[in-house]
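Last residue of the sequence shown: number 512 in the numbering used here, and the count goes up by one each step with no gaps.
For each residue, glycine too, the CB sits at the ideal point set by N, CA and C.
These figures come from a predicted structure and were not determined experimentally.
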Amino acid sequence: MSIRRAAIWSVASQYTTFVIQFAASVIISRFFLAPADVGLFSIALAAAMMLAILQDMGITRFISGQPEMKREAMGDYATLAIGIGWVVAGAILLGAPALASFYDEPGLTHLLRLIGCSYLLVPFAIVSAALLVRDMDFKGLFWVNAGSALAGNIAAIMLAWDGFGPASLAWGALVTAIVRASVAQAMRPVLPRLRPRRAIIAPLLRFGSSSFLISASAAIGQRSQDLIVGRLLGAFATGLFSRAGALAAQLSTLVTGAINSVFYPAFARKRDAGEPLTEPYLHLMACNTALNWAAMCGLAVAAEPLVRLLYGENWMGVAPLLFWTAIGEMLFVAMPLQMDIPILLGRIRTLVWVNLGETLAAVTILAVAAAISLEAAAISRVGYGFVWWAIYAAFLTRLLALPVRRLFTIYGQSALCAVAACLPLYLLLHVSDGTQAGFLTLMIGAAAGVALWLPALFLTRHPAHLEVRIALAALMARWPRPASA
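In structure tokens:
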């Protein structure tokens, strides 16, 4: 499968999964669950995912990034994944009462046990999904991701409607794990070996030991957010904070996540062929910032009317948090594949230290800010974003010999295009009563923004305008031409 065709299927997967998850979150939040309910589940999920960093052990990156891979070794890798996954699930199940006591939230015990059961099934999809990525079979991966998301979210909505409360989200996670494992195994069947061969799994364990430190550090930085806010500010505040973060992250993943997932195996192939990665990386960075900065600017501008429209008055506390979270998200996409590129180039040890420093900054900044107020915690995402960008910009610039002047030129071009994209929406909301804007007003502003964003790409000669040219040429080639007389 070609890179662009893979990108199409990857984008389809991202968009479909996003629509399903987004629609479910709106329905559940608006009609069934209060912020405190969502906050309680967010704390449980964050705690479980802190332990779940052990589960993958770098298996996905190892399989998708190796120059050569023997298919007969997949059973050994599957056994390792299942063994580690069941240890993680056991730790979640046994540790549930202690965590509930720590947060003084008895309801956490039941939620954690349901989530722990889902982690018994997650490892059955790991190796199969990694093979789909390695083969660049993003069509198959579409059915794995979209199918499991659809089943899990339908289950969550039905149970929330039936009065299950926050447990409906945990049951949804369990159904998602069941369907994901089933579909992945149907696409790439991998049976575990009863006795894994030491010679086969040894290279994976060596790779995984370094990869684990990176994953552990990254997970602490990302997953500790809800745990810190939950401990310092309570479940209600966690519900608002997690909803703002999820909305910004979902939109970011929707806009550029598919591109990044395709480029990792593509970069691995270029590395194996001995091709330089500097120019492809700059192009990827340009596409990321062109798309994501425009989307995040629009999200920040429309935060208040959007939250009211989607979630209702009970969730209006999300709006000021969403503004700052969206601004911070712009910084987190400015250096894409910040962990994948060093791993591909064999700089895992250096990456471990870089990642540990960045994680320490993340936890410290958020803890200090959350001790002040919930809004301060949201504002701290911007401060941490600048620290994150400075660390990885310095690291990747040296690693890939990125020309600094071109780097900032691309940032300037993307910033101008982002301003052009959100300007119509900003003016529209300030001319009218923006806080009460309806769906039609937001859609008109967004459409006008796209209409300005596209010519801005060409006027600034942004590198992403080449992709627009290619897309337009492809559309014109498929457009039926009138028969000549």
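In chain order, what residues of the same chain lie with their CB nearer than 8 Å to the CB of residue i, ignoring the 5 residues before and after it?
i	result
R522	No answer is possible for residue 522: it lies beyond the span of the chain, which begins at 28 and ends at 512.
H492	L484 and F485
V409	W351, I354, G355 and L358
V477	A448
T280	Q41 and F45
V379	S237, L240, I241 and S244
I589	It is not possible to answer for residue 589, since the shown part of the chain is limited to 28 through 512.
T283	C314, N315, L318, N319, V360 and P363
T377	P369 and F422
By how many angstroms is the C-alpha of residue j removed from the C-alpha of residue i?
i	j	result
M214	K166	10 Å
W198	G179	8 Å
A512	R496	Annotation note: pLDDT 44 at A512 (below 50); position unreliable, no value reported.
A211	P219	14 Å
A420	A208	37 Å
L231	I86	7 Å
Y146	S56	25 Å
V395	G261	16 Å
D64	A398	22 Å
W113	A75	13 Å
V53	D103	41 Å
M470	R270	22 Å
V446	A313	16 Å
A194	G66	12 Å
I70	M343	21 Å
R98	V115	26 Å
A329	W480	17 Å
T203	A127	24 Å
S244	R425	22 Å
L348	A405	5 Å
G266	L186	19 Å
N341	F263	11 Å
A39	G134	37 Å
L121	L383	28 Å
L443	F151	46 Å
A273	S407	16 Å
A182	F191	11 Å
E132	A475	47 Å
H457	Y338	22 Å
R233	F49	38 Å
L454	F413	28 Å
Between which residues of its own chain and residue i is the CB-CB distance below 7 Å, once the five residues before and five after are set aside?
i	result
P118	In the sequence as presented, Pro is not what sits at residue 118; that position holds Ala. Only L78 meet the Cβ criterion.
L201	L141, C144 and S145
T316	V360, A361, I437, Y438 and S441
K297	L304 and P307
W415	L358, F359 and E385
L259	A397 and A398
L72	I142
So, under 8 Å CB-CB, residue i and residue j are touching, yes? Tell me the CB distance rounded to an integer number of Å.
i	j	result
L452	G472	3 Å
L371	F435	Wrong, their Cβ atoms sit about 25 Å apart, outside the cutoff.
V360	N319	4 Å
L429	L309	7 Å
L60	F268	Actually they are not in contact, since the Cβ atoms of L60 and F268 sit about 15 Å apart, beyond 8 Å.
I184	A321	Incorrect: roughly 31 Å between the Cβ atoms, too far for contact.
Y411	L423	Not confirmed; about 18 Å, so no contact.
I375	L427	Rounded, the Cβ-Cβ distance is 16 Å, inconsistent with contact.
V275	L326	One point to set straight first is that residue 275 is Ala, not Val, in the sequence displayed. At roughly 6 Å, the Cβ-Cβ gap stays under 8 Å, so A275 and L326 are in contact.
L196	F68	5 Å
G257	Y130	6 Å
Output needed for residue i: all residues of its chain with C-beta closer than 6 Å, excluding positions within five of it in sequence on either side, in chain order.
i	result
A123	T136, L139 and R140
V217	M101, A105, V154 and S155
I247	T386
E494	none
A346	A330, E331 and V334
I228	D103 and L107
D189	none
I255	L393, A394 and A397
A170	The displayed chain sequence assigns Trp, not Ala, to residue 170. Excluding sequence neighbours, W170 sits near V210.
M323	A353, E356 and M357
Taking CB distances under 9 Å as the criterion, tell me whether residue i reaches chain D.
i	result
P332	Looking for chain D here will not work: only one protein chain is present.
Is the stretch 155-163 in contact with the stretch 126-145, if contact means three or more CB pairs nearer than 8 Å? no
Decide yes or no for the touch test of the stretch 382-395 against the stretch 238-257: beta carbon pairs closer than 8 Å, at least 3 of them. yes
Pairing CB atoms from the stretch 99-107 with CB atoms from the stretch 221-232, are three or more of them under 8 Å? yes
Could you tell me which whole alpha helix (DSSP H) segments of length 4 or greater appear in the stretch 191-244? 194-214
Validate contact between the stretch 171-190 and the stretch 39-53 using beta carbons, cut 8 Å, 3 pairs: yes
Every unbroken beta strand (DSSP E) within the stretch 349-419, with a cutoff of 3 residues, ordered by chain: none
Which ranges does the alpha helix (DSSP H) cover as unbroken runs of at least 4 residues, wholly within the stretch 50-138, from first to last along the chain? 62-78, 80-83, 86-92 and 101-130
Which full runs of the alpha helix (DSSP H) of 4+ residues lie inside the stretch 423-503, going along the chain? 431-458 and 466-486
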